[in-house]
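Asks: Can you read through this structure? Questions will come right after.
Residue numbers (UniProt numbering): 1 to 229.
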């Protein structure tokens, strides 16, 4: 793996996670447990999820099962080469929320890049990423896919851990505009030969407050899967 062109904080992170000397990551599967909510006025919903990411043609398939007022909710996010949609259904039948379009395409490009940074550090050598050093523990990244370019700031601690990811390019449906979006990370542990963050939150920053609307505990990570088992 050639990491010489990367900023030092990113090189340090890749070394810390044990990504050096491993096979090139072509795809990965992640399983989560956690809880989500729409805003502070709604109840937290426990969920389990699994997702599949593919690198050559950037693709993300995200499947979620949640419970809302004792009723099952199924969620599906599809992102493929810059096109995305989200479909949330009650009892797997009745639409609760559906969204597609340009804003969704950009938002899910941010999410795909976030997955690369948090769950597959070895993919950060990708030539679709350009880097700018901000200081010794922070870099700015621009990720381009199929004509869509998003930017994000990556924050690291002295140990080399990625501790936060922030982007201003993710659209918030409730606000009707883009809001700063961040995913603070922690609880690093060994997973399938890599040292990765085991916990993350998803936060939108409104002008008057931060809204944490999701918490994620990583159950498992697998790389270069040949099937969906």
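Idealized CB from N, CA, C, for every residue including glycine.
Between residue 7 and residue 181, is the Cβ-Cβ spacing less than 8 Å?
Replies: Mapped onto the chain shown, residue 7 falls at position 7. Mapped onto the chain shown, residue 181 falls at position 181. In this structure, residue 181 does not lie closer than 8 Å to residue 7 by Cβ.
Asks: How about residue 195 and residue 18: do their beta carbons lie closer than 8 Å?
Replies: Position 195 of the chain shown, counted from the first residue, corresponds to residue 195. Position 18 of the chain shown, counted from the first residue, corresponds to residue 18. Closer than 8 Å, so yes.
Asks: Sorted by chain position, which residues of the same chain lie with C-beta nearer than 8 Å to residue 185's C-beta, five sequence neighbours on each side aside?
Replies: Translated into the one-based positions of the chain shown, residue 185 becomes position 185. Only 118, 161, 162, 163, 164, 165, 197, 199, 200 meet the Cβ criterion.
Asks: Thinking residue 2 and residue 60 are a contact (beta carbons under 8 Å), I'd like their distance in whole angstroms, please.
Replies: Here residue 2 corresponds to residue number 2 of the chain shown, with the count starting at 1. Here residue 60 corresponds to residue number 60 of the chain shown, with the count starting at 1. In fact, because the Cβ distance is near 25 Å, the residues do not count as touching under 8 Å.
Asks: Can you give me the C-alpha to C-alpha distance between residue 217 and residue 146, rounded to a whole angstrom?
Replies: Against the chain shown, residue 217 aligns to sequence position 217. Against the chain shown, residue 146 aligns to sequence position 146. Roughly 31 Å separates the two Cα atoms.
Asks: Hey, could you find the ends of the beta strand (DSSP E) residue 172 is sitting in?
Replies: On the chain shown, position 172 is the one that residue 172 refers to. Start and end: 162 to 172.
Asks: Determine the extent of the alpha helix (DSSP H) in which residue 65 is found, giving its start and end residues.
Replies: Locating residue 65 in the chain shown gives position 65, counting from the first residue. Counting along the chain, residue 65 falls outside any alpha helix (DSSP H), though it belongs to the beta strand (DSSP E) covering 59 to 68.
Asks: Could you spell out where the alpha helix (DSSP H) holding residue 9 opens and where it closes?
Replies: Here residue 9 is taken as the residue at index 9 of the chain shown, counted from 1. Start and end: 8 to 16.
Asks: Let me make sure I understand the geometry here. Which of 123, 33, 151, 155 has the alpha-carbon closest to that of residue 135?
Replies: Mapped onto the chain shown, residue 135 falls at position 135. Ranking the options by Cα distance to residue 135, first place goes to 155.
Asks: In chain order, which beta strand (DSSP E) runs of at least 3 residues are fully inside the segment 137 to 215?
Replies: 138 to 145, 148 to 156, 162 to 172, 177 to 182, 185 to 191, 194 to 206, all fully within the segment 137 to 215.
Asks: DSSP beta-bridge partners for residue 72?
Replies: Against the chain shown, residue 72 aligns to sequence position 72. The partner list for residue 72 (beta bridge, DSSP) reads 67.
Asks: Take the Cβ of residue 105 as the centre, count every other Cβ of all protein chains shown within 10 Å, and call the residue buried at 16 or more, exposed below.
Replies: On the chain shown, residue 105 is found 105 positions in, with the first residue counted as 1. By the 10 Å Cβ count, residue 105 comes out buried.
Asks: In the DSSP output, what is residue 20 paired with across the bridge?
Replies: Against the chain shown, residue 20 aligns to sequence position 20. None, per the DSSP bridge assignment.
Asks: Would you report the Cα separation of residue 28 and residue 141, rounded to the nearest angstrom?
Replies: Looking up residue 28 in the chain shown gives position 28. Looking up residue 141 in the chain shown gives position 141. Rounded to whole angstroms, residue 28 to residue 141 spans 21 Å at the Cα level.
Asks: Taking only runs of the beta strand (DSSP E) that begin and end inside the segment 75 to 121, which ones reach a length of at least 3 residues, in chain order?
Replies: DSSP runs (the beta strand (DSSP E)) wholly in the segment 75 to 121: 83 to 90, 94 to 100.
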